[in-house]
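Okay, so the sequence shown: first residue is 1 according to UniProt numbering, each after it adds one. Written out below as structure tokens is the structure these notes cover.
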Amino acid sequence: MGIEFTQMQRAHADVWDPERDETLICVDVHQETHDVRSFTFASPEGKRFNFNAGQYFLFDFPTGSEGEARCYSISSSPYRNNAFTVTVKRVPGGKVSNWLHDNMVPGMTVKGQGPLGHFIRPRVAGTKLLLLSGGSGITPVMSITRDLADSCEPADIVFLHAARTPLDLIFRSELSCLAARMKGLRLQFLPETVAGERAWPGLTGRISSEFLKLAVPDIAERVVMCCGPAPFMAAARSITAALGVPASNYIEESFDAAVIDEPGLDIEARPAGKIYQVEFLKQKRMLEVSADQTVLAAAKKGSVRLPSSCSNGMCGTCKSKLVSGSVEMNHNGGIRQREIDAGMFLPCCSKPLSDLVVDR
Numbered sequence: 001m002g003i004e005f006t007q008m009q010r011a012h013a014d015v016w017d018p019e020r021d022e023t024l025i026c027v028d029v030h031q032e033t034h035d036v037r038s039f040t041f042a043s044p045e046g047k048r049f050n051f052n053a054g055q056y057f058l059f060d061f062p063t064g065s066e067g068e069a070r071c072y073s074i075s076s077s078p079y080r081n082n083a084f085t086v087t088v089k090r091v092p093g094g095k096v097s098n099w100l101h102d103n104m105v106p107g108m109t110v111k112g113q114g115p116l117g118h119f120i121r122p123r124v125a126g127t128k129l130l131l132l133s134g135g136s137g138i139t140p141v142m143s144i145t146r147d148l149a150d151s152c153e154p155a156d157i158v159f160l161h162a163a164r165t166p167l168d169l170i171f172r173s174e175l176s177c178l179a180a181r182m183k184g185l186r187l188q189f190l191p192e193t194v195a196g197e198r199a200w201p202g203l204t205g206r207i208s209s210e211f212l213k214l215a216v217p218d219i220a221e222r223v224v225m226c227c228g229p230a231p232f233m234a235a236a237r238s239i240t241a242a243l244g245v246p247a248s249n250y251i252e253e254s255f256d257a258a259v260i261d262e263p264g265l266d267i268e269a270r271p272a273g274k275i276y277q278v279e280f281l282k283q284k285r286m287l288e289v290s291a292d293q294t295v296l297a298a299a300k301k302g303s304v305r306l307p308s309s310c311s312n313g314m315c316g317t318c319k320s321k322l323v324s325g326s327v328e329m330n331h332n333g334g335i336r337q338r339e340i341d342a343g344m345f346l347p348c349c350s351k352p353l354s355d356l357v358v359d360r
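The following block contains the structure:
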């Protein structure tokens, strides 16, 4: 009995605990395209990672005096759980992506929280998928494809990836190999132009209703999982709906803070409610925030700079120290209980219950 208990303890100790573990070590860096690299991370203690294909990690990168938090989707298969990989495109002027490309090497350690997110394929048998991605948005759907390949599950997948040029098609060779051996995987690449590969044999351009009708004639029967830049996803959402895909069968993932504030919410039209004073210490700013507003929404309206991404309590990018006061926080997994106990909160999903002082 004692031996069985010890083995059980050891098995649990070998699994990454999202509530407690946070240190990750880089074990590999791989060049995917001219401006995209994959970074593989493991637990220094050799713990296994239990994640679902499509989920992401929130990283704290030491890019400056305070560091920067960013979310990156896992691109690797959950069946290869001794480590996980994120794939990052170097963005011109991007503070974190450029730091990663220029500085991250095997042996370096970073802090990470996860796995997080709900961009997970339906587990209903016989579900037909359209995996639709643009640019570096390919990462979560690549994880889903690798997951299905490793599990040898029966699958009916159309994988449609759009990029600027053929040279920008991430995982191009691997996807071609997977399509050659996965009987249920049909691959479609759509570069916008043929720059760098003038002998490109297929169509070029941007996604359109006409293209999707040809590429995926049974699109209305499929669950669409979409990830990419905001304009790409806006177009995909509109086109797929017009082609008969019900909203319940359209799933998307986005970390684009520029277009997500509080969906469907008009800040100006909100009832005033009780007004509280919120002080942002480091920026030496004081704002009036309604009891009906989130702290992040009021900060954005008042031009107070707060890092943010998902804006619904999932990613943890806006995590901040609450020096004094209390809030009503309704998060979706983007903060650990021990962080809450230590006085941290997520401004994106928190409404004030009193005057606040925030260490930002």
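Glycine included, every Cβ here is placed at the ideal spot set by N, Cα and C.
Using the three-state DSSP reduction, which class does residue i fall into: helix, strand or coil?
i	result
ALA195	coil
VAL216	coil
LEU203	coil
MET182	coil
ASP147	helix
HIS161	strand
GLU19	coil
PHE189	strand
SER238	helix
GLY302	coil
ALA69	strand
ILE138	helix
ASP102	helix
LEU322	strand
residue 361	In the structure displayed, the chain extends from 1 to 360; residue 361 sits before or after that span and is not available.
SER311	coil
PRO78	coil
Taking 6 Å as the limit between beta carbons, can you name the residues of its chain near residue i, skipping five residues before and five after?
i	result
ASP150	SER77 and TYR79
LEU356	VAL278 and GLY325
ASP147	ALA53, SER77 and PRO78
Find the nearest neighbour of residue i within the set the options, judged by alpha-carbon distance.
i	options	result
LYS128	PRO154, PRO92 and THR85	PRO154
LEU24	VAL194, LYS95, SER208 and GLY112	GLY112
PRO352	SER43, MET142 and SER290	SER290
LYS282	VAL29, CYS310, ASP292 and VAL358	VAL358
VAL15	ARG48, GLN31 and GLY93	ARG48
PHE61	ALA42, VAL27, ASN103 and ASP28	ASN103
ASP156	ILE144, ARG164, ILE251 and THR165	ILE144
ILE251	LEU243, PRO229, GLY244 and VAL224	VAL224
HIS90	GLU32, GLY126 and SER75	It is Arg, not His, that sits at residue 90 in the sequence shown. When each option's Cα is compared against that of ARG90, the closest is GLU32.
ILE74	LEU116, VAL36, GLY46 and LEU100	LEU116
GLY67	SER354, LYS95 and ASN81	LYS95
ARG164	PHE189, CYS310, PRO217 and LYS321	PHE189
PHE159	ARG186, SER173 and CYS152	ARG186
Cutting at 7 Å between CB atoms, please list the residues of its own chain near residue i, excluding the five before and the five after it.
i	result
HIS34	LEU167
GLN337	GLU19
PRO271	Confidence at PRO271 is low in this model, with a pLDDT of 38, below 50, so the placement of that residue should be treated as unreliable; the coordinate-derived value is given next. Here the set comprises ASP292.
SER350	THR294, VAL295, VAL327, GLU328 and MET329
GLU288	ILE275 and GLN277
MET308	It should be noted that the sequence gives Ser, not Met, for residue 308. Excluding positions up to five away in sequence, the list reads ALA257, LEU296, THR317, CYS318 and CYS348.
TYR72	TYR56, PHE57, PHE59, VAL86 and VAL88
PRO106	CYS26, VAL27, ASP28 and VAL29
MET142	SER75 and PHE171
TRP99	PHE61 and THR63
How many whole angstroms separate the CB atoms of residue i and residue j, which I take to be in contact at a CB cut-off of 8 Å?
i	j	result
GLY114	PRO246	So it is not a contact: roughly 30 Å between Cβ atoms.
SER38	THR87	5 Å
ALA83	PHE41	6 Å
GLY302	CYS315	About 22 Å; that fails the 8 Å criterion.
THR204	GLU221	The pair is not a contact, with the Cβ atoms about 27 Å apart (cut-off 8 Å).
ARG206	ALA162	7 Å
So, at 8 Å on beta carbons, what are the nonlocal neighbours of residue i in its own chain, with the 5 sequence-adjacent residues on each side left out?
i	result
LEU243	SER209, LEU212, LYS213, ILE219 and ALA220
PRO229	GLY134, GLY135, GLY137 and ASP256
Mind the definition here: the stretch 328–341 touches the stretch 296–303 only if three or more C-beta pairs lie below 8 Å; say whether that holds. Between the stretch 328–341 and the stretch 296–303 there are fewer than three C-beta pairs closer than 8 Å, too few to call the two in contact.
If contact is defined by three or more beta carbon pairs under 8 Å, each pair taking one atom from either stretch, is the stretch 199–217 in contact with the stretch 233–240? Contact holds: three or more Cβ-Cβ distances are below 8 Å.
Would the stretch 216–235 and the stretch 132–150 be scored as touching if the rule is three or more Cβ pairs under 8 Å? Touching, per the Cβ criterion.
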